[in-house]
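S.K.:
There are 2 protein chains.
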Amino acid sequence: MITPNMHYAELKDSYLFYNIAQKTKAYLEANPDKRLYRMGIGDVSLPLCDAVIQSLHEAVDDQANKERFHGYMPECGAPFLREAIANYYGQRGVTLSADEVFVSSGASDELGDILDLFDKKSTALVMEPAYPAYVDANVIAGRQICHLASGRENGFLPQPDPSIQADLLYICSPNNPTGAVFSKEQLKAWVDYANQNGAIILFDAAYEAFIEDSTLPHSIFEIEGARTCAIEICSLSKTAGFTGTRLGYTVIPKDLVRNGMNLNEMWVRNRTTKTNGVSYIIQKGGAAVFTPEGQKQIHQNIQVYKNNAKILMEVLDQAGIWYCGGKNAPYIWMECPNGMGSWEFFDLLLREIQVVGTPGEGFGACGEGYFRFSTFGSPEDTKEAARRLAKLLQK
Amino acid sequence: MITPNMHYAELKDSYLFYNIAQKTKAYLEANPDKRLYRMGIGDVSLPLCDAVIQSLHEAVDDQANKERFHGYMPECGAPFLREAIANYYGQRGVTLSADEVFVSSGASDELGDILDLFDKKSTALVMEPAYPAYVDANVIAGRQICHLASGRENGFLPQPDPSIQADLLYICSPNNPTGAVFSKEQLKAWVDYANQNGAIILFDAAYEAFIEDSTLPHSIFEIEGARTCAIEICSLSKTAGFTGTRLGYTVIPKDLVRNGMNLNEMWVRNRTTKTNGVSYIIQKGGAAVFTPEGQKQIHQNIQVYKNNAKILMEVLDQAGIWYCGGKNAPYIWMECPNGMGSWEFFDLLLREIQVVGTPGEGFGACGEGYFRFSTFGSPEDTKEAARRLAKLLQK
Numbered sequence: 001m002i003t004p005n006m007h008y009a010e011l012k013d014s015y016l017f018y019n020i021a022q023k024t025k026a027y028l029e030a031n032p033d034k035r036l037y038r039m040g041i042g043d044v045s046l047p048l049c050d051a052v053i054q055s056l057h058e059a060v061d062d063q064a065n066k067e068r069f070h071g072y073m074p075e076c077g078a079p080f081l082r083e084a085i086a087n088y089y090g091q092r093g094v095t096l097s098a099d100e101v102f103v104s105s106g107a108s109d110e111l112g113d114i115l116d117l118f119d120k121k122s123t124a125l126v127m128e129p130a131y132p133a134y135v136d137a138n139v140i141a142g143r144q145i146c147h148l149a150s151g152r153e154n155g156f157l158p159q160p161d162p163s164i165q166a167d168l169l170y171i172c173s174p175n176n177p178t179g180a181v182f183s184k185e186q187l188k189a190w191v192d193y194a195n196q197n198g199a200i201i202l203f204d205a206a207y208e209a210f211i212e213d214s215t216l217p218h219s220i221f222e223i224e225g226a227r228t229c230a231i232e233i234c235s236l237s238k239t240a241g242f243t244g245t246r247l248g249y250t251v252i253p254k255d256l257v258r259n260g261m262n263l264n265e266m267w268v269r270n271r272t273t274k275t276n277g278v279s280y281i282i283q284k285g286g287a288a289v290f291t292p293e294g295q296k297q298i299h300q301n302i303q304v305y306k307n308n309a310k311i312l313m314e315v316l317d318q319a320g321i322w323y324c325g326g327k328n329a330p331y332i333w334m335e336c337p338n339g340m341g342s343w344e345f346f347d348l349l350l351r352e353i354q355v356v357g358t359p360g361e362g363f364g365a366c367g368e369g370y371f372r373f374s375t376f377g378s379p380e381d382t383k384e385a386a387r388r389l390a391k392l393l394q395k
Numbered sequence: 001m002i003t004p005n006m007h008y009a010e011l012k013d014s015y016l017f018y019n020i021a022q023k024t025k026a027y028l029e030a031n032p033d034k035r036l037y038r039m040g041i042g043d044v045s046l047p048l049c050d051a052v053i054q055s056l057h058e059a060v061d062d063q064a065n066k067e068r069f070h071g072y073m074p075e076c077g078a079p080f081l082r083e084a085i086a087n088y089y090g091q092r093g094v095t096l097s098a099d100e101v102f103v104s105s106g107a108s109d110e111l112g113d114i115l116d117l118f119d120k121k122s123t124a125l126v127m128e129p130a131y132p133a134y135v136d137a138n139v140i141a142g143r144q145i146c147h148l149a150s151g152r153e154n155g156f157l158p159q160p161d162p163s164i165q166a167d168l169l170y171i172c173s174p175n176n177p178t179g180a181v182f183s184k185e186q187l188k189a190w191v192d193y194a195n196q197n198g199a200i201i202l203f204d205a206a207y208e209a210f211i212e213d214s215t216l217p218h219s220i221f222e223i224e225g226a227r228t229c230a231i232e233i234c235s236l237s238k239t240a241g242f243t244g245t246r247l248g249y250t251v252i253p254k255d256l257v258r259n260g261m262n263l264n265e266m267w268v269r270n271r272t273t274k275t276n277g278v279s280y281i282i283q284k285g286g287a288a289v290f291t292p293e294g295q296k297q298i299h300q301n302i303q304v305y306k307n308n309a310k311i312l313m314e315v316l317d318q319a320g321i322w323y324c325g326g327k328n329a330p331y332i333w334m335e336c337p338n339g340m341g342s343w344e345f346f347d348l349l350l351r352e353i354q355v356v357g358t359p360g361e362g363f364g365a366c367g368e369g370y371f372r373f374s375t376f377g378s379p380e381d382t383k384e385a386a387r388r389l390a391k392l393l394q395k
């Protein structure tokens, strides 16, 4: 008799976004005349930019042509895309070889798959509040999880201390959900901790393109010592609107070695065994993001979301509410007014002003009392939601 | 100090197709004037059919349009595609609900990922000769592997016997590499074995579209009892030329329960944790395969490959060489002439007639003395390779 992976039974039953969907559905059924302003889930609203669309069409035409048709792609990524991404890092002074860059179907896929490189007995450190899948993927693998709470006192940017005993350190910066960004000095402390303890950092850089403060690091590899202790996982989802088009990339330096095993070589072996690579069409579309024209166009789109953030930040500033994020990240993390609980505030916004956000508690216990707004909505919806929020907060 | 997954060190060093690539590269370097006829790796040569190309272009246009833009897709697959696939099964009398169908990035990706559903202590049965990734994915997971040899005496279609002690049974039919296809009666024996022993069959049906004998089963779910013991993994790679475009699907019946855990529900949880779904563009392209026009066009392409098979089979028939496959599968599995070893025959073909095939030994020890031809090459190359092979075998 086969035994299923019984760790699935340890997963918590409810999933944050599922609960939000159920609550909004129930509200709309009871109030069919109401229109909702959705600032909850982090999905983009702008279409793909012209450079990407053109490249996608060309790639589809290639697949129709006997001479230009592409069959099996290299499992670790098409050379043209691996090189384009390595060059992108080079522009920020981070030197990578193309075979340290792996093309993926997206950060969420890769954050789960990459765990295959580590022993099940290793302990994962999740700095909370955090993206729920970090925890769930490790529960499924049967790995022990160490939760590190953060809060307003450290700006939701926790630092290592000797009491932490963990092997696999999740760091997301700019952070989802808080929008907080680690400085170079703060990241250096984690890199030093990892090198001293033989730990490995999984650095989630999905929101790096939203950083505007030039002193803040976009990549962990801007920090000295990171090549011997870090893996960076990135995505075009938010950078270029690829949430439904799917493309990401992962950097595993060749200097990353533990117990005599080279993790770059292990990942090559994993990919050649477990995938046949990412769609040629999508990789061609992704490559257009890294052209000068593509970079210009995606930054025009990012500016639209940044304007949304500015409008919401002004409302919170005027109401005197504490928040972080918004400036260098597409998320704003606010303290709920009057000591309200995060689901209580969710219900209030839904009922009174038809604005849907994300309760902080869904990202870990220390998120209780906080609330996340995504800035990926349309400018029109964001303006109206901000107007309604300002009015509500005045009461 | 983190411990890597040390099972990677147990993987055998050389990979079949890597060795073939090295040998052919060395030959071409030594003989720069020669042209090779590649009948080795199973990559397709015909471009995508018109119906798929048109659908892909439309989907790209959707991603350029604010009103029709698609962000995050449902993690388990777009409803339009899950329904199209369920209908495809319905046409063969197999009743599935759409939420028993999961969209994937392809069979090779899914064959690795699906192992996440099972305890590491379960034993995997691999019927050899077999696709090398079956073994490697289980080695990485630290699972014990039971190798079941097959041979000419059973037509490379082994049957269960009470001595087999295994939990996870890999069955590939039509088979890669042998091209042999299980009859309904033969599959029923495996389904009964699995139900009696609480085992689960992983049924790889990637080549089902090549079956022309109407008595042979395309799906394990044509067999009574399979809904309580089988998962089916399928691909559009060979069916519709998606090797570089990437799309597949997996069927997990809701009746599949072990130790109180429902595997369909577990897989929903896995996908919602570990992916954000498959690209909208590619899913739209895939949906066109299941339209009447798409079906007509892909079967025209399949017929081209079937004609290739016919040409090769005629050569082997005339030379009096034993083989299986070819008729209901895109692979032909031949006995090497004069008791030659499979790498010996590989070297002979490369040196004497510049034809590249795949040595049977690469698919498991019992493949020694056999050789695989893929029929996915161009008709022109296949004709020339067949002409040269016929001449060589006459000697």
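The listed protein sequences derive, respectively, from chains H and C.
Going by our numbering, 17 is the number at position 17 of the first sequence; the sequence numbering is gapless.
Going by our numbering, 389 is the number at position 389 of the second sequence; the sequence numbering is gapless.
All C-beta atoms, glycine included, are put in the ideal place defined by N, C-alpha and C.
The structure displayed is predicted, hence computed values, not measured ones.
Please tell me whether L117(H) has its Cβ less than 8 Å away from any Cβ of chain C.
M.R.: The residue labelled residue 117(H) in the question sits at position 117 within the first sequence. L117(H) counts as touching chain C.
S.K.: Which residue's Cα is closest to the Cα of T275(C): D43(C), G326(C), F102(C), Y37(C)?
M.R.: Counted from its first residue, the second sequence places residue 275(C) at position 275. Looking at the Cα atoms, F102(C) is the closest of the given residues.
S.K.: Relative to the C-alpha of F117(C), which candidate in T382(C), N138(C), K327(C), E368(C) has its C-alpha closest?
M.R.: To locate residue 117(C), count along the second sequence from 1; it is residue 117. Note on residue identity: the sequence assigns Leu, not Phe, to residue 117(C). Checked all of T382(C), N138(C), K327(C), E368(C); the closest Cα to L117(C) is N138(C).
S.K.: From this set, A78(C), R92(C), C76(C), A98(C), which residue's C-alpha is nearest A86(C)'s C-alpha?
M.R.: For the purposes of this step, residue 86(C) is taken as the residue at position 86 of the second sequence. With distances taken between Cα atoms, A86(C) lies closest to A98(C).
S.K.: Report buried or exposed for F210(C), applying the criterion of at least 16 other Cβ atoms within 10 angstroms of its Cβ.
M.R.: Locating residue 210(C) in the second sequence gives position 210, where the first residue counts as 1. With 16 or more Cβ atoms within 10 Å of its Cβ, F210(C) is classed as buried.
S.K.: Can you check whether the CB of A309(C) is closer than 8 Å to the CB of P337(C)?
M.R.: Taking the second sequence and counting its residues from 1, the one referred to as residue 337(C) is at position 337. Taking the second sequence and counting its residues from 1, the one referred to as residue 309(C) is at position 309. No.
S.K.: Under a three-way DSSP split, which group does Y72(C) fall into?
M.R.: Sequence index remark: in the second sequence, residue 72(C) carries index 72 (1-based). Residue state, collapsed to three classes: coil.
S.K.: Can you find the residues in the same chain that come closer than 6 Å, C-beta to C-beta, to T123(H), ignoring five residues on each side of it along the sequence?
M.R.: Translated into the one-based positions of the first sequence, residue 123(H) becomes position 123. The residues are Q144, C146, A166, D167.
S.K.: Between the region 229-246 of chain H and the region 41-61 of chain H, do at least 3 Cβ pairs fall closer than 8 Å?
M.R.: Counting Cβ pairs under 8 Å, three or more are found: they touch.
S.K.: Judging by CA-CA distance, which residue of Q318(C), V191(C), D347(C) is the nearest neighbour of F203(C)?
M.R.: Here residue 203(C) corresponds to residue number 203 of the second sequence, with the count starting at 1. Answer by Cα proximity: V191(C).
S.K.: So E222(H) packs on K184(H), CB below 8 Å; how close in whole Å?
M.R.: As a working mapping, residue 222(H) is identified with position 222 in the first sequence. As a working mapping, residue 184(H) is identified with position 184 in the first sequence. About 7 Å separates the two Cβ atoms, so the contact holds.
S.K.: Which residues, in order along the region 270-286 of chain C, keep a beta-carbon less than 9 Å from a beta-carbon of chain H?
M.R.: Those would be N270, T272, T273, K274, T275, N276, G277, V278, S279, Y280, I281, I282, G285, in chain order.
S.K.: Provide the residue(s) that pair with R35(H) in DSSP beta bridges, ordered along the chain.
M.R.: For the purposes of this step, residue 35(H) is taken as the residue at position 35 of the first sequence. In the DSSP output, where bridge partners are listed per residue, R35(H) has none listed.
S.K.: Distance, Cα to Cα, I201(H) vs I220(H)?
M.R.: Residue numbering aside, residue 201(H) sits at position 201 when the first sequence is read from its first letter. Residue numbering aside, residue 220(H) sits at position 220 when the first sequence is read from its first letter. Taking the straight line from one Cα to the other gives about 9 Å.
S.K.: For G286(H), is the classification buried or exposed, using 16 other Cβ atoms within 10 angstroms of its Cβ as the cut-off for buried?
M.R.: The residue you call residue 286(H) lines up with position 286 of the first sequence. G286(H) comes out buried.
S.K.: Looking at K284(H): is its Cβ nearer than 8 Å to the Cβ of S55(H)?
M.R.: Taking the first residue of the first sequence as 1, we reach residue 284(H) at position 284. Taking the first residue of the first sequence as 1, we reach residue 55(H) at position 55. Their beta carbons are under 8 Å apart, which means K284(H) touches S55(H) by this criterion.
S.K.: Going by DSSP, what residue range makes up the beta strand (DSSP E) through S104(C)?
M.R.: What you label residue 104(C) is simply residue 104 of the second sequence in a count that begins at 1. It spans 101-104 - the beta strand (DSSP E) in which S104(C) sits, taken as one unbroken run.
S.K.: Write down the C-beta distance between W333(H) and Y280(H) rounded to the nearest angstrom, noting that I regard them as a contact closer than 8 Å.
M.R.: Locating residue 333(H) in the first sequence gives position 333, counting from the first residue. Locating residue 280(H) in the first sequence gives position 280, counting from the first residue. The Cβ separation is near 39 Å, so there is no contact.
S.K.: Taking 8 Å as the CB-CB cut-off, is I21(H) touching chain C?
M.R.: As a first step, residue 21(H) must be located in the first sequence, where it is residue number 21. The sequence as given places Ala at residue 21(H); Ile does not occur at that position. No, its Cβ sits nowhere closer than 8 Å to a Cβ of chain C.
S.K.: Identify, in the order they occur along the chain, each residue of the same chain with its Cβ nearer than 6 Å to the Cβ of L256(C), setting aside the five sequence neighbours on each side.
M.R.: Looking up residue 256(C) in the second sequence gives position 256. Counting only Cβ-Cβ distances below 6 Å, and skipping sequence neighbours, we find L263.
S.K.: When you check each C-beta in the region 23-51 of chain C against every C-beta of chain H, which residues fall closer than 8 Å?
M.R.: Listed by position, the residues of the region 23-51 of chain C near chain H (Cβ gap below 8 Å) are I41, D43, V44, S45, L46, P47, L48, D50.
S.K.: Check each residue of the region 68-80 of chain C: if its Cβ is closer than 7 Å to any Cβ of chain H, include it; give the result in chain order.
M.R.: Within the region 68-80 of chain C, the residues whose Cβ lies closer than 7 Å to some Cβ of chain H are F69, H70, G71, Y72, M73, listed in chain order.
S.K.: Count the other C-beta atoms from every protein chain shown that fall within 10 angstroms of the C-beta of P162(H), then say buried if there are 16 or more, exposed otherwise.
M.R.: To locate residue 162(H), count along the first sequence from 1; it is residue 162. Exposed: under 16 other Cβ atoms inside 10 Å.
S.K.: Closer than 7 Å between beta carbons: that is the criterion. Which residues of the region 214-227 of chain H meet it against chain C?
M.R.: Answer in chain order: no residues at all.
S.K.: Can you pull the chain H residues whose beta carbon is under 7 Å from the beta carbon of H57(C), in chain order?
M.R.: The count along the second sequence starts at 1 and reaches residue 57(C) at position 57. Those are H57, V60, listed as they occur along chain H.
S.K.: Beta-carbon separation of Y37(H) and Q354(H) under 8 Å?
M.R.: For the purposes of this step, residue 37(H) is taken as residue 37 along the first sequence, with counting starting at 1. For the purposes of this step, residue 354(H) is taken as residue 354 along the first sequence, with counting starting at 1. Closer than 8 Å, so yes.
S.K.: Where does N262(H) sit, in a helix, a strand or coil, going by DSSP?
M.R.: By 1-based counting over the first sequence, the position of residue 262(H) is 262. Of the three classes helix, strand and coil, the one that applies to N262(H) here is strand, per DSSP.
S.K.: Could you check whether P4(H) and M6(C) sit closer than 8 Å to each other, using their CB atoms as the reference points?
M.R.: Against the second sequence, residue 6(C) aligns to sequence position 6. Against the first sequence, residue 4(H) aligns to sequence position 4. No, these two residues do not count as a Cβ contact at 8 Å.
S.K.: Sorted by chain position, which residues of the same chain lie with C-beta nearer than 8 Å to R258(H)'s C-beta, five sequence neighbours on each side aside?
M.R.: To locate residue 258(H), count along the first sequence from 1; it is residue 258. Correct list, in chain order: G198, I200.
S.K.: With a threshold of 16 other CB atoms inside 10 Å of the CB of Q297(H), please say whether the residue is buried or exposed.
M.R.: Along the first sequence, one-based indexing puts residue 297(H) at 297. Q297(H) comes out buried.
S.K.: Can you tell which of G151(H), C172(H), C234(H) has the C-alpha that lies nearest to the C-alpha of V126(H)?
M.R.: For the purposes of this step, residue 126(H) is taken as the residue at position 126 of the first sequence. Nearest C-alpha to V126(H): C172(H).
S.K.: In or out: N301(C) buried (at least 16 other Cβ within 10 Å) or exposed?
M.R.: In the second sequence, the residue the question calls residue 301(C) occupies position 301. So N301(C) counts as buried.
S.K.: Tell me which residues of the region 230-264 of chain C have at least one Cβ-Cβ distance to chain H shorter than 7 Å, keeping chain order.
M.R.: Those residues of the region 230-264 of chain C that come within reach of chain H (Cβ to Cβ, closer than 7 Å) are T243, G244, T245, R246, R258, N259, M261, L263.
S.K.: Measure how close the beta-carbons of P160(H) and A189(H) come, nearest whole angstrom, since I'm counting them as under 8 Å.
M.R.: One-based indexing of the first sequence puts residue 160(H) at position 160. One-based indexing of the first sequence puts residue 189(H) at position 189. Their Cβ separation, rounded to whole angstroms, is 6 Å, which keeps P160(H) and A189(H) in contact under 8 Å.
S.K.: Hey, could you find the ends of the alpha helix (DSSP H) E335(C) is sitting in?
M.R.: For the purposes of this step, residue 335(C) is identified with residue 335 of the second sequence, where counting begins at 1. That residue, E335(C), is in no alpha helix (DSSP H); its beta strand (DSSP E) goes 331-335.
S.K.: What's the C-alpha gap between A30(H) and E384(H)?
M.R.: Here residue 30(H) refers to the residue found at position 30 of the first sequence. Here residue 384(H) refers to the residue found at position 384 of the first sequence. One C-alpha to the other measures close to 22 Å.
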